[in-house]
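Take a look at the structure set out below.
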Amino acid sequence: MDSCLMVWHMKPQSRAYRFTGHKDAVTCVNFSPSGHLLASGSRDKTVRIWVPNVKGESTVFRAHTATVRSVHFCSDGQSFVTASDDKTVKVWATHRQKFLFSLSQHINWVRCAKFSPDGRLIVSASDDKTVKLWDKSSRECVHSYCEHGGFVTYVDFHPSGTCIAAAGMDNTVKVWDVRTHRLLQHYQLHSAAVNGLSFHPSGNYLITASSDSTLKILDLMEGRLLYTLHGHQGPATTVAFSRTGEYFASGGSDEQVMVWKSNFDIVDHGEVTKVPRPPATLASSMGNLPEVDFPVPPGRGRSVESVQSQPQEPVSVPQTLTSTLEHIVGQLDVLTQTVSILEQRLTLTEDKLKQCLENQQLIMQRATP
1 MDSCLMVWHM KPQSRAYRFT GHKDAVTCVN FSPSGHLLAS GSRDKTVRIW VPNVKGESTV
61 FRAHTATVRS VHFCSDGQSF VTASDDKTVK VWATHRQKFL FSLSQHINWV RCAKFSPDGR
121 LIVSASDDKT VKLWDKSSRE CVHSYCEHGG FVTYVDFHPS GTCIAAAGMD NTVKVWDVRT
181 HRLLQHYQLH SAAVNGLSFH PSGNYLITAS SDSTLKILDL MEGRLLYTLH GHQGPATTVA
241 FSRTGEYFAS GGSDEQVMVW KSNFDIVDHG EVTKVPRPPA TLASSMGNLP EVDFPVPPGR
301 GRSVESVQSQ PQEPVSVPQT LTSTLEHIVG QLDVLTQTVS ILEQRLTLTE DKLKQCLENQ
361 QLIMQRATP
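Throughout the sequence shown, residue numbering follows the UniProt record's numbering, covering 1 to 369 in sequence.
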């Protein structure tokens, strides 16, 4: 919000770069795949491309007619895509510094736009409550996903390119297959808007950042919540895994950037990183109760917080707990069946009531001369 970019060095005792140039709040940043360029978007309606060195020189793109919400490089680094409150998504040539084309079917602010890993598709998320999938070569909208009950704040592609995940103001995260356009997974785990998300490079985990001040790590293979992380003192506004997945960083309204060590996948990381697999099944995680909370001690002295996010040893579940959970699941099944029977009876009652009212109307019509 202070109109500056900070480039932090992960090595200890290294100085951070502070880049100035934007005339208003900086809303988004993205490194090019090579790391030689850095793009930023701002409320001043411009995009700047920076060379991340001590000089901090930048090229300005007068990109949109309203706030730029999102900027993202294509995997080859040759182009980048921007999204704006002017309701458009625009694609630009990086090195020629040239506008290429615009995608303009959204009817409200566009919060986020991303290229697919192969660069052939673009996905965008908007305040019109839709997620749109675009074909880059034909510039056509391939599909609109309309399942969100509120503004869609963020969207990204699974590393395999076969799915997308979107975060919403309705507190949910949804995962769709981009080939069949089927809803694969639906998570309703946060108690406030979900502002950002990031896939682990293996494709097996998804991390989310929410206005409820927590980060949550989801196991996509099992469709369940793994961890809830407490660190920010206010809304967590953004989160991203590092290229290798060894770390993730989160930012918040509390003016803190936290860097976390992600050791939650030590057990199976070797075998899962070879080929990113898409999440396969429909899983609604509203009822998944087991989760591990990791609080972070408040400490604002350092700019970078490094926090352990899981014990090294996998925890075994006692037999009594397993049987108790199975019993609970059994009881839930009984409740589901009971609700189903009640719904059927309610439908029958409504039909009978409708019939009675119709008969009463007929009697009254006959009674009136």
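Virtual Cβ for every residue (Gly too), placed ideally from N, Cα, C.
Check whether residue i and residue j have beta carbons under 8 Å apart
i, j, result
"K165", "V178", "Sequence check: residue 165 is Ala here, not Lys. No."
"S42", "A25", "yes"
"A125", "V91", "no"
"V89", "V60", "no"
"I122", "A113", "yes"
"A63", "V51", "no"
"A240", "T208", "no"
"V175", "Q185", "yes"
"D118", "H148", "no"
"S21", "S58", "Strictly speaking, residue 21 in this sequence is Gly, with Ser absent from that position. Cβ atoms of G21 and S58: closer than 8 Å."
"S210", "A236", "yes"
"F115", "T94", "no"
Distance, residue j Cα to residue i Cα
i, j, result
"T214", "T228", "7 Å"
"Y205", "E350", "46 Å"
"R366", "K354", "19 Å"
"R69", "P159", "22 Å"
"F19", "M258", "20 Å"
"L38", "S32", "6 Å"
"C4", "G77", "23 Å"
"G255", "G245", "The sequence shown places Glu at residue 255, rather than the Gly named in the question. Near 24 Å, if we compare the C-alpha coordinates of G245 and E255."
"L332", "D219", "23 Å"
"S242", "H72", "15 Å"
"F199", "I217", "10 Å"
"E222", "C356", "50 Å"
"M10", "L335", "52 Å"
"T238", "V152", "14 Å"
"L225", "H190", "11 Å"
"S323", "S104", "54 Å"
"G203", "S84", "28 Å"
"S40", "D135", "24 Å"
"L183", "L342", "28 Å"
"D212", "S138", "40 Å"
"C141", "S262", "36 Å"
"T368", "K352", "24 Å"
Status (buried if at least 16 other CB within 10 Å, exposed otherwise) for residue i
i, result
"C163", "buried"
"R96", "exposed"
"H327", "exposed"
"G231", "buried"
"Q360", "exposed"
"C146", "exposed"
"E358", "exposed"
"R345", "exposed"
"D2", "exposed"
"I49", "buried"
"A16", "exposed"
"T27", "buried"
"N234", "It should be noted that the sequence gives Gly, not Asn, for residue 234. When all chains shown are included, G234 counts as exposed."
"residue 370", "Here the chain has residues from 1 to 369 only, and residue 370 is not among them."
"K45", "buried"
"N53", "exposed"
Residue i - DSSP class collapsed to helix/strand/coil
i, result
"K55", "coil"
"T88", "coil"
"L353", "helix"
"S6", "Residue 6 is actually Met in this sequence, not Ser. In the structure shown, M6 sits in a strand (DSSP, three-state: E or B)."
"N204", "coil"
"D219", "strand"
"T368", "coil"
"H186", "strand"
"H72", "strand"
"F19", "strand"
"R43", "coil"
"N30", "strand"
"L197", "strand"
"T322", "helix"
"S211", "coil"
Residue-chain proximity (residue i, chain B), Cβ-Cβ < 8 Å
i, result
"A209", "Here there is only one protein chain, and chain B is not present."
Minimum length 4: unbroken alpha helix (DSSP H) runs contained in the stretch 100-184 | none
Which ranges does the beta strand (DSSP E) cover as unbroken runs of at least 3 residues, wholly within the UniProt repeat "WD" (229-261), from first to last along the chain?
-> Counting whole runs of 3 or more residues, the UniProt repeat "WD" (229-261) contains the beta strand (DSSP E) stretches 236-241, 247-252 and 257-261.
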